[in-house]
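Residue numbers (the UniProt record's numbering): 1 to 275.
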């Protein structure tokens, strides 16, 4: 077994976004036993991109890579925990702070203010480029560039669809409750429904039937776009689940849907060689 702790990582704070506190009693915590986990930085577009990394402390060969794309709330404790869960499954999981040039999501206590003053100002092209640099960095630090996957949640679910149409190196993507349609802006000129024709990696979409922020008719519109493009993509809807059903720290958490979705995600990655 190879032990590699050559990347010096800083311990991450055990904190959640102030926009969603207090946290729910259902919050899960994944320990770091057997892992190399913490904060690092990645050279990207002339700046140092902060990121949270988790991977097995000991391994042979190179590790499959999963890019973990944050919710609207940034890389807070829930996203870090998801990275550790993936690392326990044998992945190099890395979550870059994709808003860092525009601001700090922990400065906001209201979701509406967070979106208006920060998230809406983050250009999609900047995000996609940062993800490219993150994947390249991961491949230079123990990861296998030929086994690259992405998964994202809420805001990151939308980005997952976009990245699957952007990166020719990507092998698989899993999008959790990411918006599929929307108004076109300077920062977000296209949406997943527009990119279905350009999908180059297989994508699994996981959605809640009770999610009022992503109406069922928009999911059907995306399915039609996938069929028309003959794209390799699948959408699963959990009828009793709401938005953010995997967010165990929030009241929206649905343990049954979250557990099934997690297993489907791992199976999807394995099906397309990211294991």
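Cβ coordinates follow ideal geometry from the N, Cα and C atoms, glycine included.
The model shown is predicted, which means the values in this text are computed figures rather than measured ones.
List the whole-angstrom C-beta distance separating residue i from residue j, where the pair is believed to meet the contact cut-off of C-beta under 8 Å.
| i | j | result |
| --- | --- | --- |
| residue 69 | residue 149 | Their Cβ separation, rounded to whole angstroms, is 11 Å, which puts residue 69 and residue 149 out of contact at 8 Å. |
| residue 209 | residue 177 | Not a contact, Cβ separation roughly 11 Å. |
| residue 123 | residue 187 | 4 Å |
| residue 196 | residue 225 | 4 Å |
| residue 84 | residue 37 | 6 Å |
| residue 28 | residue 81 | 7 Å |
| residue 142 | residue 63 | 6 Å |
| residue 128 | residue 166 | 5 Å |
| residue 52 | residue 33 | 17 Å between Cβ atoms; not a contact. |
Under the three-state reduction of DSSP, which class applies to residue i: helix, strand or coil?
| i | result |
| --- | --- |
| residue 227 | helix |
| residue 143 | strand |
| residue 52 | strand |
| residue 235 | strand |
| residue 105 | helix |
| residue 36 | strand |
| residue 202 | coil |
| residue 71 | strand |
| residue 291 | In the structure as shown, the chain starts at 1 and stops at 275, and residue 291 therefore has no counterpart that could be examined. |
| residue 26 | coil |
| residue 21 | coil |
| residue 261 | helix |
| residue 86 | helix |
| residue 177 | coil |
| residue 214 | coil |
| residue 243 | coil |
| residue 274 | coil |
| residue 124 | helix |
| residue 269 | helix |
| residue 110 | coil |
Looking at the strands, I want to know which residues DSSP matches up with residue i.
| i | result |
| --- | --- |
| residue 172 | 149 |
| residue 207 | 237 |
| residue 166 | Beta-bridge pairing links residue 166 to no other residue. |
| residue 41 | 50 |
| residue 119 | Its beta-bridge partners do not exist; DSSP assigns none. |
| residue 94 | 53 and 67 |
Would you call the CB atoms of residue i and residue j closer than 8 Å?
| i | j | result |
| --- | --- | --- |
| residue 249 | residue 75 | no |
| residue 174 | residue 265 | yes |
| residue 87 | residue 55 | yes |
| residue 242 | residue 211 | yes |
| residue 172 | residue 91 | no |
| residue 192 | residue 227 | no |
| residue 163 | residue 206 | no |
| residue 65 | residue 138 | yes |
Mind checking residue i: buried by the 16 CB within 10 Å criterion, or exposed?
| i | result |
| --- | --- |
| residue 46 | exposed |
| residue 7 | exposed |
| residue 259 | exposed |
| residue 35 | buried |
| residue 21 | exposed |
| residue 58 | exposed |
| residue 135 | buried |
| residue 60 | exposed |
| residue 25 | exposed |
| residue 236 | exposed |
| residue 97 | buried |
| residue 160 | buried |
| residue 185 | exposed |
| residue 19 | buried |
| residue 231 | buried |
Does the beta carbon of residue i sit closer than 8 Å to a beta carbon anywhere in chain C?
| i | result |
| --- | --- |
| residue 192 | Absent from the structure: chain C. Only one protein chain is present. |
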